[in-house]
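**Q** Residue numbers (my numbering): 770 to 848.
For reference, the structure I am asking about is given below.
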């Protein structure tokens with residue numbers, strides 16, 4: 770059974786998704802998620818609030834996104 774999560778975007782719209790893969794790069798955590806309404810996965814950064822609760826954020830810097838994407842593809846190829 771797949772574990773589904775609900776994400777509420779900045780417009781208040783709910784999106785259901787599944788976490789496909791969690792991995793670390795240089796002490797940062799990232800997640801590949803699969804939204805129900807999309808065929809492709811999304812690469813997001815895992816951040817923590819002051820209570821230690823995890824949340825997902827878009828990777829804003831293109832350089833970081835490119836580096837993490839490349840490393841993720843290498844991880845997938847190794848599996």
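Glycine included, C-beta positions come from ideal geometry on N, C-alpha and C.
Once you ignore the five residues that flank residue 777 on each side, which residues in its own chain have a CB closer than 8 Å to its CB?
**A** So the qualifying residues of the chain are 783 and 784.
**Q** Label residue 770 either buried or exposed according to how many other C-beta atoms from any shown protein chain fall within 10 Å of its C-beta, with 16 as the threshold for buried.
**A** Only weak support is given to the placement of residue 770: the predicted model assigns it a pLDDT of 42, under 50, and the value that follows is read from those uncertain coordinates. By the neighbour-count rule (16 or more Cβ atoms within 10 Å), residue 770 is not buried but exposed.
**Q** Could you give the DSSP three-state label for residue 770: helix, strand or coil?
**A** Below a pLDDT of 50, predicted positions are generally treated as unreliable, and residue 770, at 42, falls in that range; no measurement from the model is reported.
**Q** Is residue 807 helix, strand or coil when you go by DSSP?
**A** Reduced to three states, the DSSP call for residue 807 is coil.
**Q** By a C-beta neighbour count over all protein chains shown, 10 Å radius and 16 as the cutoff for buried, is residue 791 buried or exposed?
**A** Residue 791 should be labelled exposed.
**Q** Which same chain residues, not among the five before or five after residue 828, have their C-beta less than 6 Å away from its C-beta?
**A** Result list for residue 828: 814 and 834, in chain order.
**Q** What does the alpha-carbon distance come out to for the pair residue 840 and residue 781?
**A** Each residue's Cα considered, the two are about 32 Å apart.
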